[in-house]
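In our numbering, the protein residues as written are 776 to 849.
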């Protein structure tokens, strides 16, 4: 059985998918949610988008109302 290697260090070769940002990746989020935000220009294709810590903070800031509305629906 093959096993995949898991890298626990923070030295990742991947960089943020936001245009003009080369910081290391901290989180991955849905592309649909990120595309709704006009201030984050994301490059590449795929279902998930990799964001650095600074870009993820912007993402959280702009989706705060949406997340609050989702929690009211529960």
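C-beta atoms are modelled at their ideal positions from N, C-alpha and C, and glycine is treated no differently.
- When the five nearest sequence neighbours on each side are left out, the beta carbons in the same chain lying within less than 7 Å of the beta carbon of residue 834 are those of 804, 809, 812, 815, 826, in order along the chain.
- In this structure, the straight-line span from the alpha carbon of residue 831 to that of residue 778 is close to 30 Å.
- For residue 833, the enclosing alpha helix (DSSP H) begins and ends at 828-837.
- Going by DSSP, residue 804 is part of the beta strand (DSSP E) stretching over 802-805.
- Annotation: residue 793 to residue 807 spans about 14 Å, alpha carbon to alpha carbon.
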